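This report refers to the structure that appears directly beneath it.
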C-alpha cells in the first residue's frame, strides 16, 4: 500500500512538472527592454513623432489566436528604456498596450516589442504597432475608424511610418480636419483599379458598366492618411453603359493602338510622297533630255547647205557670162 502511494506521488509530481514546462509563459515574464530573452521574439523600429501624448496598440499579423506581448520605448543612445505596458495581442484587432508622451527634445525614439511566441519569425508575420494621438479629432474606435470629410463618411487608414528594414511595422493615425487637402483620388471597380485624378474628385459613373458593381474611392491626404469609402450600384444593360465604360476603362490600350495606326498612316504617306517625288524627278530628266536632243543643230548639214548655195551662185554667174558672150 505504501509503495502504491509513493508511486502515485512520483507520477503526480512528474506530471505537474511536465504541465508547467508546456504551459505558456506569463506576460509578466516578458521584457520590452531585453533583446536576449529565452522563448520570446524581439522586434524593433525607429520612428519620429511630433510632441504630444499617444496611445499605443499592438496586433499580430499572422494566423494565431493570441500571444502575450510587452511594449517599450527606448532612447536612441540605448541608455533609457521605458516599459509602456503588456497586452494579450491577437491577429484580428488592435489591443491597447500602453500610453506615452513624446517630448519636444526627444521626438526620434525606438519602439521595442516582445512577443511570447516561439513560432513567430521576422518575416511577413511580424506584428504591428498602431499609434494614435490622444485627441477628440481622432476616431474613438481604432479598429473601425470612421471620420467625416467634405460632408461624407469615410474609413480612415493609418500611415506607415516605419522603415521597410525594421522588424516591427508601425503605423500612425493623424487627425483629419478641414485644413487638410486631398493630393490624389484613386477609384476602383470591384476591387480593380479603374483610374485616378489629382485633388478631391467624385466617382465618374461613366466608367461603370452594366450590372451590379462595388465602387471604392481612396483619397490620399496631404498628411499621409488614406480615406476610403465604397458604394454599391446597379446599372441597366444598355448601350450607354457598355460602349462608354469600355472606351474609358481601356483608354490606355486604345491610345496605344491609335498611336500605332497614326504612325503607320504617316509611314504610308511618307512612302507615297517619296514615290511621287522620285517619279516627278525622273519625268523631268527624261523631258529635258528629249528637248535638248530636239534643239541640237547638225553643223555638217549646215556646211553642206552653204556649199550647195555657193555652187548654185557660181553656176548662175557662169550661165550669165556665157549668155553675154553669146549675144553679139
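Numbering (the numbering used here), first residue to last: 11 to 338. We treat Cβ as the ideally placed atom computed from N, Cα and C, and that holds for glycine. Only a predicted model underlies this, so the values are computations on that prediction, with no experimental measurement involved.
Report buried or exposed for residue i, applying the criterion of at least 16 other Cβ atoms within 10 angstroms of its Cβ.
i	result
residue 201	exposed
residue 96	buried
residue 260	exposed
residue 78	buried
residue 123	buried
residue 232	exposed
residue 166	buried
residue 89	exposed
residue 227	buried
residue 235	buried
residue 162	exposed
Grouping DSSP H, G and I as helix and E and B as strand, with all else coil, what is residue i?
i	result
residue 180	strand
residue 138	strand
residue 152	helix
residue 270	helix
residue 107	strand
residue 31	Because residue 31 carries a pLDDT of 37, less than 50, the predicted location of this residue cannot be relied on, and no value is offered for it.
residue 280	helix
residue 62	strand
residue 322	helix
residue 143	strand
residue 208	strand
residue 213	coil
residue 256	helix
Report the partner residues of residue i according to the DSSP bridge assignment.
i	result
residue 227	197 and 239
residue 170	181
residue 163	158
residue 188	According to DSSP, which records beta bridges pairwise, residue 188 is partnered with nothing at all.
residue 55	121
residue 83	92 and 121
Keeping to the same chain, check which residues put their C-beta closer than 7 Å to that of residue i; ignore five residues upstream and five downstream.
i	result
residue 159	186 and 237
residue 57	119, 121, 171, 172 and 180
Could you tell me whether the Cβ atoms of residue i and residue j are closer together than 8 Å?
i	j	result
residue 143	residue 64	yes
residue 47	residue 41	yes
residue 206	residue 197	yes
residue 155	residue 183	yes
residue 222	residue 251	no
residue 59	residue 139	no
Can you list, in chain order, the residues of its chain whose CB lies under 8 Å from that of residue i, leaving out five sequence neighbours each side?
i	result
residue 203	196 and 197
residue 268	none
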